[in-house]
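Novice:
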Amino acid sequence: MKLINRLYLLAFVGCLLLFVGCKKSDDFVLPPSQAHFDGAKDQAYAVRSATVEPFKIEVGTTDVASVDRTVSFTISSPTGAAAGTQYRIDGGNTITIPAGKATAFISIQGLYSGFPVGRVDTLILSLSTPSIDPAGFSDTVRLAIGDICVEGVGFVLGDLDGTYANTTETFGTSPYGPYTTSILSITSTGATSAIIEVANIWDNGWGPISFNIDWSDPAALRTDVVPQAAVPGSNAGDINATYAGQTIAVRAHPTGGPGTFSTCNNTFSLKMQLGVTGVGYFGSVYTVNLAR
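Residues are numbered in the numbering used here as their position in the sequence shown, beginning at 1, plus a constant of 1056.
Now the structure itself:
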């Protein structure tokens, strides 16, 4: 009897394992492919020169397939931008996601002739059918296009020249201003660098002080003072009477720099360390903020 009971038990366990391990394949049906935009829902494209590069908007899919797939999209503009006048779509209103890939790019070419100074338009791109079904979570992108200022991109060096009538400064904790400074000259030193010569820093007859400016990283435009052993017309007595009649020296502050600038707003934050020629340097950071 014990042997028979054990056989019944083994048969029961075997049936149970068979039941658990043999679910219907319908329970594992994969969801359908869906297309969606990657990146921010609001994007910006500056068209400020005739040689501007096309703008790329990435489209992705929720899976990878072994065949090429086509994604369709529509473009509208509430501001009246027109294809052929303000922009051109390279490849029409479809893109192909290659076999084995999950992304492709919509290429939009801005047309400089369609954007006079100050004109900015909005394009609304929406994924559509017939094609891969759009995913509800990211099926639309708004693109601002036109005369949009982007830091360090498409500006003219000469636009930074001239008078800055709202200059302020801080030496340590002592503020001063507003007063007037001027950028007397700008000399290009490379594709993304230049030297500016700034007059009337300190507002007491000091000669011009030069700064390197660099816009190789549009997210971090920087200024660096050019070391100067003796600033013409300066008087260290302006800082400490003990040094009256001696000239001022300038250099980069070891912990207080670099400075920054804005090509869109025409502003500069110039940081430096002041010293007495042949004597030494004061510890405070000297910051001069130029503004029109």
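Where is the CB? At the ideal position from N, CA and C, for every residue including glycine.
#1: Would you call N1260 buried or exposed, if buried means 16 or more other Cβ atoms sit within 10 Å of its Cβ?
#2: Counting only the same chain and skipping the five closest in sequence on each side, list residues whose C-beta sits under 6 angstroms from that of A1286.
#3: Please list, in chain order, all residues of the same chain as H1309 whose beta carbon is under 8 angstroms from its beta carbon, the five residues on each side excluded.
#4: Suppose contacts are defined by Cβ-Cβ distances below 8 angstroms. Is G1233 in contact with T1223 by that definition?
#5: On the CB-based measure, 16 or more other CB atoms within 10 Å of its CB, does S1290 come out buried or exposed?
#6: For G1210, which residues from the same chain have a beta carbon less than 7 angstroms from its beta carbon, with the 5 sequence-adjacent residues on both sides left out?
#7: What number of angstroms, rounded off, separates the C-alpha of D1119 from the C-alpha of S1238?
#8: Look up G1246 in the DSSP assignment and give the residues it is bridged to.
#9: Report the rounded CA-to-CA distance for K1157 versus R1125, giving the unit in angstroms.
#10: Measuring CA to CA, which of T1178, I1201, Y1235, S1244 is closest to W1258?
#11: How is T1333 classed by DSSP in three states: helix, strand or coil?
#12: Which of the three DSSP states is assigned to T1196 in this structure?
#13: Could you spell out where the beta strand (DSSP E) holding G1218 opens and where it closes?
#14: Kindly list the residues whose CB is nearer than 7 angstroms to the CB of D1217, restricted to its own chain and excluding five residues on each side of it in sequence; keep chain order.
#15: Counting C-beta neighbours from all protein chains within 10 Å, is the total for P1314 16 or more, i.e. buried, or is it exposed?
#16: Take P1004 and list the residues in its own chain whose beta-carbon comes closer than 8 angstroms to its own, dropping the five residues that flank it on each side.
#17: Could you please give me the residues that DSSP links to G1202 through a beta bridge?
#18: Out of curiosity, what's the CA-to-CA distance linking G1077 and P1088?
#19: Give, in chain order, every unbroken run of the beta strand (DSSP E) that is at least 3 residues long and sits entirely within the region 1118-1165.
#20: What did DSSP end up calling D1280 once you bin it into helix, strand or coil?
#21: Inspect the beta-carbon positions of A1091 and V1127 and report whether they are closer than 8 angstroms.
#22: Can you grab the Cα-Cα spacing for the pair S1182 / I1164, in whole Å?
#23: Does the Cβ-Cβ distance between V1197 and K1097 come in under 8 angstroms?
#24: Considering only C-alpha positions, which residue in the set T1229, S1266, A1255, A1138 is nearest to G1166?
#25: Taking C-beta to C-beta, are S1272 and T1248 nearer than 8 angstroms?
#26: My output table needs one value for T1107: the three-state DSSP class, helix, strand or coil.
#27: Confirm, please, whether the CB-CB distance from T1141 to G1170 is below 8 angstroms.
#28: From I1295, P1283, I1162, D1280, pick the residue whose C-alpha is nearest to that of G1228; which is it?
#29: When you compare only the Cα positions, how much space is there between F1093 and N1345?
Specialist: In this structure, then:
#1: By the 10 Å Cβ count, N1260 comes out exposed.
#2: Same-chain partners within the cutoff: T1303, T1333.
#3: When the five nearest sequence neighbours on each side are left out, the beta carbons in the same chain lying within less than 8 angstroms of the beta carbon of H1309 are those of K1327, M1328, Q1329, V1341, Y1342, in order along the chain.
#4: Yes, they are a contact pair.
#5: Buried, because 16 or more other Cβ atoms sit within 10 Å of the Cβ of S1290.
#6: A1102, R1104, S1105.
#7: For D1119 and S1238, the distance between alpha carbons rounds to 58 angstroms.
#8: According to DSSP, G1246 bridges with S1249.
#9: Going from the Cα of K1157 to the Cα of R1125 covers about 10 angstroms.
#10: Nearest option by C-alpha distance: Y1235.
#11: When secondary structure is reduced to three states using DSSP, T1333 falls in the coil class, being assigned neither helix nor strand.
#12: It is a strand residue.
#13: Its beta strand (DSSP E) spans residues 1218-1227.
#14: Once the five neighbours on either side are set aside, the close Cβ partners of D1217 are I1239, I1242.
#15: So P1314 ends up on the buried side.
#16: The structure shown does not extend to residue 1004, since the chain is modelled only from 1057 to 1348, so the question has no answer here.
#17: The partner list for G1202 (beta bridge, DSSP) reads A1102, V1176.
#18: Per-residue confidence for G1077 stands at a pLDDT of 49, beneath the threshold of 50, marking its modelled position as unreliable; the derived number appears in the next sentence. Their Cα atoms are separated by approximately 26 angstroms.
#19: Taking only runs of at least 3 residues, the beta strand (DSSP E) segments lying wholly in the region 1118-1165 are 1125-1132, 1143-1146, 1150-1153.
#20: In the three-state reduction of the DSSP assignment, D1280 falls in the strand class.
#21: With a cutoff of 8 angstroms on beta-carbon distance, A1091 and V1127 are scored as near each other.
#22: Using only the alpha carbons, I get a separation of about 14 angstroms.
#23: If you check the CB distance, V1197 and K1097 come in under 8 angstroms.
#24: Nearest Cα to G1166 within the set T1229, S1266, A1255, A1138: A1138.
#25: Taking 8 angstroms as the Cβ cut-off, S1272 and T1248 qualify as a contacting pair.
#26: If DSSP states are grouped into helix, strand and coil, T1107 belongs with coil.
#27: Yes, these two residues count as a Cβ contact at 8 angstroms.
#28: Nearest neighbour of G1228 by Cα position, chosen from I1295, P1283, I1162, D1280, turns out to be I1295.
#29: When only Cα atoms are considered, F1093 and N1345 end up about 41 angstroms apart.
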